[in-house]
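K.L.:
If you want it as structure tokens, here you go:
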């Protein structure tokens, strides 16, 4: 299994302002179109745009449809892969924790962002709060989280360890 | 805008072992079916299963298709809503940071989980590493993240603040 800890292939690229301007234009355009929040993103590889995405939470009735998640899904479909190795992600705003983790799972090479999480908070989005929550231990979070049936749950990982021919990701 | 910080409606329920057993069975079944990782999840409201989900990263070529993200999307489609207020999420394993943040964005009421992130790490999944990374400041992370065009990027949030009739989420 290729660990998230391993070195990424290639050296991080320098950001290209043309791609960031495109992400910002997507974000502003999404507001003008009334499709969702002010967020746009691109996946770029070797100087080519692989996919673009915008926030579609309210239009698609999908709380996970942030611009970065949307563009990762779209780029993976385009490339026929579940990893985006060698790809850079441009986003009009620093990713929220959901999107940041998605970027790691997708193995993107680098992230270029415009606004910060604090800028997002000032615009009414809870990204900063979410970073605080995720840094807390389970018992300190505002979301109640309770472990159950710990012994029985091990069965799923036993099945995984023993499964022949599984596709690692 | 309903903030993530606000109190959740209703008091957290006690977990129902039947639903957790179903999540664990989904996880083990997903391995047996060869569809993806050993993870299963349910969204439950008022004692009724609204949706079920499994990890589909490799089958769907979607690195964001963890069981919890999959079940949140499915439950939102079923309910025709971009929030899952009053819903509990049962998952065979403690959510990774992507899924945990998705659960906050979806406004789930409570989370019940079987395995821990440390159990997942022992089974070969990088959830614990990802929690460490997200707790770090941007400059300390292994993923290169660079801010660009900060002033120009403000245009997207200005557009949002000034947009009439926007749908808050």
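Residue numbers (the numbering used here), protein chains in the order written: chain A, -10 to 158; chain B, -10 to 158. We put the CB at the ideal spot given by N, CA and C, even for glycine. Model, not experiment: these values are computed from the prediction.
1. Residue 134 of chain A and residue 103 of chain B - do their beta-carbons sit closer together than 9 Å?
2. Restricting to Cα atoms, I'd like to know which of A:79, A:54, A:7 is closest to residue 72 of chain B.
3. Report the rounded CA-to-CA distance for residue 29 of chain A versus residue 42 of chain A, giving the unit in angstroms.
4. I'd like to check one pair, residue 81 of chain A with residue 20 of chain B: are the Cβ atoms closer than 9 Å?
5. Grouping DSSP H, G and I as helix and E and B as strand, with all else coil, what is residue 137 of chain A?
6. With a threshold of 16 other CB atoms inside 10 Å of the CB of residue 98 of chain B, please say whether the residue is buried or exposed.
7. Taking just the CA atoms, how far does residue 117 of chain A sit from residue 119 of chain B?
8. Determine the extent of the alpha helix (DSSP H) in which residue 162 of chain B is found, giving its start and end residues.
9. Let's see if you can read the secondary structure: which residues bound the alpha helix (DSSP H) around residue 119 of chain B?
10. Between residue 142 of chain B and chain A, is any beta-carbon pair separated by less than 9 Å?
11. Please list, in chain order, the residues of the stretch 49 to 62 of chain B that have any C-beta partner in chain A closer than 7 Å.
12. Run through chain B and tell me which residues come within less than 8 Å of residue 7 of chain A, C-beta to C-beta.
13. Using a C-beta to C-beta distance shorter than 7 Å, which residues of chain B count as neighbours of residue 70 of chain A?
14. Starting from the C-beta of residue -2 of chain A, find all residues in its chain whose C-beta is less than 8 Å away, skip the five residues before and the five after it, and write them out in chain order.
15. Which complete alpha helix (DSSP H) runs does the stretch 40 to 74 of chain B hold, if anything under 4 residues is left out?
16. Is the CB of residue 108 of chain B under 9 Å away from at least one CB in chain A?
17. Roughly how many whole angstroms lie between the Cα atoms of residue 101 of chain B and residue 35 of chain A?
18. Does DSSP classify residue 77 of chain A as helix, strand or coil?
P.N.:
Let's see:
1. The Cβ atoms of residue 103 of chain B and residue 134 of chain A lie no closer than 9 Å to each other.
2. Of the residues A:79, A:54, A:7, the one whose Cα lies closest to the Cα of residue 72 of chain B is A:54.
3. Taking the straight line joining both Cα atoms gives about 6 Å.
4. Residue 20 of chain B places its beta carbon 9 Å or farther from that of residue 81 of chain A.
5. Residue state, collapsed to three classes: coil.
6. Classification of residue 98 of chain B: buried, given that the 10 Å Cβ count is 16 or more.
7. The straight-line gap from Cα to Cα measures roughly 18 Å.
8. Lying before the first or after the last residue shown, residue 162 of chain B is absent from chain B, which here runs from -10 to 158.
9. Looking at the DSSP string, the run of the alpha helix (DSSP H) that includes residue 119 of chain B is 116 to 124.
10. For residue 142 of chain B, the answer is yes, since a Cβ of chain A falls inside 9 Å of its Cβ.
11. So the list reads 50, 51, 52, 53, 58, 61, 62, given in the order they occur along the chain.
12. Here the premise fails: no neighbours, minimum Cβ distance about 10 Å.
13. Those are 50, listed as they occur along chain B.
14. Confidence in residue -2 of chain A is poor, its pLDDT being 49 and thus under 50, which makes the residue's placement unreliable; the coordinate value appears in the next sentence. Sequence-distant Cβ neighbours of residue -2 of chain A in its own chain, meaning closer than 8 Å and more than five residues away, are 74, 75, 98.
15. Qualifying alpha helix (DSSP H) stretches, in chain order: 46 to 49, 56 to 68.
16. It does; some Cβ of chain A falls within 9 Å.
17. Residue 101 of chain B and residue 35 of chain A: Cα-Cα distance of roughly 43 Å.
18. In this structure, residue 77 of chain A counts as strand in the three-state DSSP scheme.
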